[in-house]
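J.: If you scroll down you'll find the structure; I have some questions about it.
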Amino acid sequence: MATPQAVQWEGDGHNVTAVVSGALAGSPITLTFHFRLGNGRIAELEIGRRPRSGDGKRG
Numbered sequence: 004m005a006t007p008q009a010v011q012w013e014g015d016g017h018n019v020t021a022v023v024s025g026a027l028a029g030s031p032i033t034l035t036f037h038f039r040l041g042n043g044r045i046a047e048l049e050i051g052r053r054p055r056s057g058d059g060k061r062g
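Here the sequence shown stands for residues 4 to 62, numbered as in the numbering used here.
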């Protein structure tokens, strides 16, 4: 299950931060879903851990 926590617009894409929980190692985990739309569909999708405070990286 993914529970959205925040939505941000970044350049030509969007970031959705969500807490993901279930029968998986490390649950619950906070992930960032970065996506870009094209022709009304998701054209690109990158999923990673939420950046740590101050490091400016997704990964």
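By construction, the Cβ of each residue, glycine as well, lies at the ideal position given by its N, Cα and C atoms. Keep in mind the model is a prediction, meaning the values are calculated, not measured.
1) Helix, strand or coil: how does DSSP classify P31 here?
2) Sorted by chain position, which residues of the same chain lie with C-beta nearer than 7 Å to G29's C-beta, five sequence neighbours on each side aside?
3) Quick one, which of P31, D15, T20, G43 has its alpha-carbon nearest I50's?
4) Would you identify the three-state DSSP class for N2, choosing helix, strand or coil?
5) Using alpha carbons as the reference points, say which of R39, V22, P7, H37 lies closest to P31.
T.: Taking the coordinates as given:
1) If you number the sequence shown from 1, residue 31 lands on position 28. P31 carries a coil assignment under DSSP once its states are collapsed to helix, strand and coil.
2) Against the sequence shown, residue 29 aligns to sequence position 26. Once the five neighbours on either side are set aside, G29 has no close Cβ partner at all.
3) The residue you call residue 50 lines up with position 47 of the sequence shown. Distance from the Cα of I50 is smallest, within the candidate group P31, D15, T20, G43, for T20.
4) In the structure displayed, the chain extends from 4 to 62; residue 2 sits before or after that span and is not available.
5) Here residue 31 corresponds to residue number 28 of the sequence shown, with the count starting at 1. Scanning R39, V22, P7, H37 for the CA closest to the CA of P31 turns up V22.
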